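Position one of the sequence shown corresponds to residue 597 (our numbering), numbered consecutively onward.
One structure is given below, encoded as structure tokens.
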Amino acid sequence: MSHIPIRTCVACRTKRPATEMLRVRKWEGSISTEAPGGRGAWLCPNEECIEQAFRKRLLVRALRLESMPPDWEQCMARLLQEAYERHAESGTEEDR
């Protein structure tokens, strides 16, 4: 039996397997899901958690950013798109 890493969502504090979460990384003063390495934070792949993470500046704290990135709206849109794609691929009902 292999080890399944469990991660905590920075927005809702729910613990889930890492394979079910979105990993967000600090990259060149902004936020990315595709950057290699770097400081990371985990989010549930749903609209509520993603919006809360930006609204309450939880990613700024978790990623140790000095301030909200100037392109934060585009970052949020990319995360929402990735969450929708992941949900469509799984074909399952999203739960929280």
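Ideal placement from N, C-alpha and C gives every residue a C-beta, glycine not left out.
These figures come from a predicted structure and were not determined experimentally.
- Straight through space, the alpha carbons of ALA684 and ARG619 are spaced by roughly 18 Å.
- Collapsing the DSSP output to three states places LEU639 in a strand.
- Each of GLN677, TRP623, ALA679 was checked against the Cα of GLU662, and the nearest Cα belongs to TRP623.
- The Cβ-Cβ distance between ILE627 and PRO666 does not fall below 8 Å.
- Across the structure, HIS599 and ASN642 are spaced so that their CA atoms are roughly 25 Å apart.
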